[in-house]
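Protein chains in written order, with my numbering: chain A, 1 to 356; chain B, 1 to 160.
Ideal Cβ positions, reconstructed from N, Cα and C, are used throughout, including at glycine.
Since we're looking at a predicted model, the values are computed, not measured.
One structure below.
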C-alpha cells in the first residue's frame with residue numbers, strides 16, 4: 001500500500017485515441033502552452049464543472065503533470081526569501097519545490113481532530129511581511145482530508161486581506177466520496193488570485209502520460225509558460241491527445257474507478273479501526289492515514305517493522321512533515337483482495353506488538 | 001442504494017452481507033433486506049462461479065448459431081424461442097435485430113454432436129427458416145472479464 005498510484009490501466013478509449021494519433025503521425029512538439037484543442041476542451045470542462053471561465057489562449061497552460069505545474073508556479077511568483085504557507089503533513093514535493101525556487105516553506109500543522117483541514121486562524125498567524133502565497137492541496141495526500149467550500153472560504157478571506165496568492169493543487173479533485181468536488185478558484189473574487197493546478201493522472205489513471213494543467217490569470221500563465229518553454233518545451237503530444245479524449249468521453253470510466261475506490265475506502269477504514277489503528281474517515285484521494293500511536297512505535301519504526309515482518313508497505317507519516325508523526329499512509333489504490341490480505345497481516349502485527 | 005448492492009455482488013457473489021454493507025456504506029440489516037427482496041423478485045437470478053473451462057482442460061465444443069425465423073401470429077418469436085431454450089444444450093438465447101433473429105449459444109462434447117443438434121433438433125423446427133453455425137475458437141473476454149493472462153501489476157517502484 002506504498003505507492004500513490006492508481007492500480008487501474010488507463011481506460012481503453014483514451015489509450016486507443018493516443019494510438020490512433022501516433023498512427024496518423026502526431027509525433028511532433030505541440031505549441032508551448034499545449035494543443036489548442038486540449039486547451040479549448042479544458043476551458044469547456046472547467047466551465048461545465050465549476051462554472052469557471054478561463055481564456056484557453058492566455059489563461060491555461062498544459063504541463064508535465066501537476067509536478068511541473070507546481071514547480072513552474074513557485075518559480076514564476078517567488079522572489080528569493082519569499083514565504084509560502086502550506087499544510088503539514090502535506091505532499092512531499094511542496095516544501096521541496098518552494099526551496100528549489102529559493103523560497104521558504106512555512107509548514108502549518110494540521111490535526112486529526114480537525115480532519116487535517118488547514119485552519120484559517122493558523123494561516124493568519126503564520127503570515128509575515130514575506131509571505132507570498134498559500135499552497136493547498138485538497139483532497140490531500142497523505143491524509144485523504146478534504147476542505148469544504150465554507151472552510152476554503154475562510155482561507156480565501158485571509159488570502160484576500162493579506163493580498164496573497166493561493167496555489168491550489170486539485171489533482172485529486174474528482175476523487176471525492178459522498179460530496180461534490182470543491183474548487184478554490186470558484187470562491188468569490190478568488191479566480192484572479194488562484195493558480196489552479198490539475199491533471200489527469202489520478203482520476204483517469206493516466207500517471208505515466210504526464211499531463212497536467214495550470215489555470216490562472218494571464219500574467220501568471222505567461223510567466224509560467226516562459227519557464228516551461230525553456231525547461232520542458234512542450235508536454236508529450238500523445239499524452240495531450242489522450243487527455244482530449246479523457247475530457248470528451250472519459251467521465252463514465254472515471255466514475256467506475258471512483259466507485260471502486262469508495263468501496264475499498266470503506267473496507268480499509270473499517271478494517272483499520274477494527275484492528276485498533278484509529279483512522280478518521282478520509283473523504284477524498286485514495287489514502288487512509290491511521291494513527292499508530294497505540295503501538296508505542298514511531299511511524300518510521302512501524303513502517304519498517306511492518307515491512308520486514310509482514311511484507312506490507314506503508315509510508316511513515318513524518319515523511320510528509322513533522323505533524324504526520326504517529327500516523328502511516330496506506331494507499332488503497334490496490335485490489336480488494338490485496339487490501340484484505342494487508343489488513344489481516346496488519347492485525348497480526350498490531351496484536352503481536354501490543355502484547356509485548 | 002439497491003444498485004450499489006447489486007453491483008458489488010455482481011462482481012463477487014461470495015461477499016457476506018456484512019462485507020457488502022461495509023463496501024456500500026449501508027447498515028447490514030438493510031443489505032440483507034435488499035438481497036432477500038432481490039432474490040424473491042428474481043432480480044438476483046442465481047449465484048454462480050465463472051470458470052475458465054479451457055484452462056481447466058475441458059474440451060467441450062461451443063457454437064453460436066444464427067437462426068432466422070418466421071414470426072408466428074399472436075406470439076411473435078416467444079413461442080419458438082421457448083421451444084429452443086428448453087433444450088439443455090442451449091446455454092444462452094437472445095432475440096436480436098439485424099440479418100437474423102435468434103442468437104443461440106450451444107455446447108456439446110464434439111463438433112458432430114453440435115452439428116447433429118442443429119440439423120436434427122434446431123433446423124427442423126416449424127418457423128425456423130435457416131441457420132448459420134459459428135464454432136467458437138477462442139475466448140478472449142467473457143461477461144466483462146478478460147480470460148487471457150496479462151493482468152500483472154505494471155507499476156514500477158519510484159521515489160516520491
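Would you check if the distance between the CB atom of residue i and the CB atom of residue j is smaller than 8 Å?
{"i": "residue 76 of chain A", "j": "residue 258 of chain A", "result": "no"}
{"i": "residue 197 of chain A", "j": "residue 167 of chain A", "result": "yes"}
{"i": "residue 72 of chain B", "j": "residue 127 of chain B", "result": "yes"}
{"i": "residue 15 of chain A", "j": "residue 323 of chain A", "result": "no"}
{"i": "residue 46 of chain A", "j": "residue 54 of chain A", "result": "yes"}
{"i": "residue 91 of chain A", "j": "residue 141 of chain A", "result": "yes"}
{"i": "residue 175 of chain A", "j": "residue 205 of chain A", "result": "no"}
{"i": "residue 61 of chain B", "j": "residue 132 of chain B", "result": "no"}
{"i": "residue 123 of chain A", "j": "residue 171 of chain A", "result": "no"}
{"i": "residue 49 of chain A", "j": "residue 237 of chain A", "result": "no"}
{"i": "residue 165 of chain A", "j": "residue 147 of chain A", "result": "no"}
{"i": "residue 298 of chain A", "j": "residue 354 of chain A", "result": "no"}
{"i": "residue 330 of chain A", "j": "residue 285 of chain A", "result": "no"}
{"i": "residue 67 of chain B", "j": "residue 116 of chain B", "result": "no"}
{"i": "residue 85 of chain A", "j": "residue 108 of chain A", "result": "yes"}
{"i": "residue 179 of chain A", "j": "residue 283 of chain A", "result": "yes"}
{"i": "residue 88 of chain A", "j": "residue 137 of chain A", "result": "no"}
{"i": "residue 105 of chain B", "j": "residue 64 of chain B", "result": "yes"}
{"i": "residue 11 of chain B", "j": "residue 147 of chain B", "result": "no"}
{"i": "residue 70 of chain A", "j": "residue 33 of chain A", "result": "no"}
{"i": "residue 232 of chain A", "j": "residue 68 of chain A", "result": "yes"}
{"i": "residue 269 of chain A", "j": "residue 281 of chain A", "result": "yes"}
{"i": "residue 83 of chain B", "j": "residue 15 of chain B", "result": "no"}
{"i": "residue 45 of chain B", "j": "residue 5 of chain B", "result": "no"}
{"i": "residue 211 of chain A", "j": "residue 73 of chain A", "result": "no"}
Please list, in chain order, all residues of the same chain as residue i whose beta carbon is under 6 Å from its beta carbon, the five residues on each side excluded.
{"i": "residue 103 of chain B", "result": "94 and 96"}
{"i": "residue 207 of chain A", "result": "5 and 201"}
{"i": "residue 303 of chain A", "result": "314, 316 and 328"}
{"i": "residue 192 of chain A", "result": "217"}
{"i": "residue 7 of chain B", "result": "none"}
{"i": "residue 318 of chain A", "result": "299, 324 and 325"}
{"i": "residue 173 of chain A", "result": "181"}
Which residues in the same chain have their Cβ closer than 8 Å to the Cβ of residue i, if we skip the five residues on either side of it in sequence?
{"i": "residue 291 of chain A", "result": "112, 277, 278, 279, 326 and 327"}
{"i": "residue 158 of chain A", "result": "120, 123, 124, 127, 134 and 164"}
{"i": "residue 9 of chain A", "result": "15 and 205"}
Note the first and the last residue of the continuous beta strand (DSSP E) segment covering residue i.
{"i": "residue 92 of chain B", "result": "90-95"}
{"i": "residue 168 of chain B", "result": "This structure cannot settle anything about residue 168 of chain B, because the visible part of chain B is limited to 1 through 160."}
{"i": "residue 165 of chain A", "result": "165-169"}
{"i": "residue 308 of chain A", "result": "From DSSP, residue 308 of chain A is part of no beta strand (DSSP E) but of the alpha helix (DSSP H) over 299-310."}
{"i": "residue 215 of chain A", "result": "212-215"}
{"i": "residue 327 of chain A", "result": "It is not in any beta strand (DSSP E) - residue 327 of chain A carries neither H nor E in the DSSP assignment."}
{"i": "residue 134 of chain B", "result": "128-135"}
{"i": "residue 105 of chain A", "result": "104-109"}
{"i": "residue 65 of chain B", "result": "61-69"}
{"i": "residue 85 of chain A", "result": "83-88"}
{"i": "residue 199 of chain A", "result": "194-199"}
{"i": "residue 108 of chain B", "result": "102-108"}
Apart from the five residues on each side of it in sequence, which residues of its chain come closer than 7 Å, Cβ to Cβ, to residue i?
{"i": "residue 371 of chain A", "result": "Nothing about residue 371 of chain A can be read from this structure; chain A reaches only from 1 to 356."}
{"i": "residue 70 of chain B", "result": "127 and 129"}
{"i": "residue 223 of chain A", "result": "76"}
{"i": "residue 136 of chain B", "result": "62, 63 and 64"}
{"i": "residue 145 of chain B", "result": "50"}
{"i": "residue 141 of chain B", "result": "147"}
{"i": "residue 89 of chain B", "result": "106, 107, 108 and 117"}
How is the alpha helix (DSSP H) around residue i delimited, first residue to last?
{"i": "residue 36 of chain B", "result": "28-40"}
{"i": "residue 249 of chain A", "result": "237-249"}
{"i": "residue 133 of chain A", "result": "Where residue 133 of chain A is concerned, there is no enclosing alpha helix (DSSP H), although the beta strand (DSSP E) it sits in stretches over 131-136."}
{"i": "residue 8 of chain B", "result": "2-11"}
{"i": "residue 46 of chain A", "result": "36-50"}
{"i": "residue 100 of chain A", "result": "93-100"}
Any heavy atom of the ligand COA inside 7 Å of the beta-carbon of residue i?
{"i": "residue 16 of chain A", "result": "This structure lacks the ligand COA; in fact it carries no ligand of any kind."}
Does the region 178-191 of chain A come into contact with the region 123-132 of chain A, if we say contact requires no fewer than three beta-carbon pairs (one atom in each stretch) closer than 8 Å? Not touching, per the Cβ criterion.
Residues within the region 129-157 of chain A neighbouring chain B, beta-carbon criterion of under 8 Å: Here the close residues number zero.
Whether or not the region 94-103 of chain A and the region 249-263 of chain A are in contact is what I'm after, with contact meaning three or more pairs of Cβ atoms, one per stretch, closer than 8 Å; do they touch? The region 249-263 of chain A is not in contact with the region 94-103 of chain A.
Using a Cβ-Cβ cutoff of 7 Å, what residues of the region 324-353 of chain A are near chain B? List them in chain order. Of all residues in the region 324-353 of chain A, none places a beta-carbon less than 7 Å from a beta-carbon of chain B.
Determine contact between the region 141-158 of chain A and the region 37-46 of chain A, defined as no fewer than three beta-carbon pairs at a distance below 8 Å. no
Within 7 Å of chain A by C-beta, residues of the region 7-37 of chain B in sequence order: 8, 22, 23 and 25
Specify whether the region 332-344 of chain A and the region 262-270 of chain A touch according to this definition: at least 3 beta carbon pairs, one from each stretch, less than 8 Å apart. yes
Going along the region 136-149 of chain B in order, which residues come within less than 8 Å of chain A, judged by CB to CB distance? none
Chain-ordered residues of the region 258-281 of chain A with a beta carbon less than 7 Å from chain B: For the region 258-281 of chain A, which is checked against every Cβ of chain B, the residues closer than 7 Å are 263, 266, 267 and 270.
For the region 45-71 of chain A, which residues have a CB atom closer than 7 Å to at least one CB atom of chain B, in sequence order? Of all residues in the region 45-71 of chain A, none is placed with a Cβ closer than 7 Å to any Cβ belonging to chain B.
Can we say the region 16-28 of chain B touches the region 38-48 of chain B, given the rule of at least three CB pairs closer than 8 Å? no
Do three or more CB pairs link the region 8-23 of chain A to the region 243-252 of chain A at distances below 8 Å? yes
Check each residue of the region 84-104 of chain A: if its Cβ is closer than 9 Å to any Cβ of chain B, include it; give the result in chain order. 91, 92 and 93
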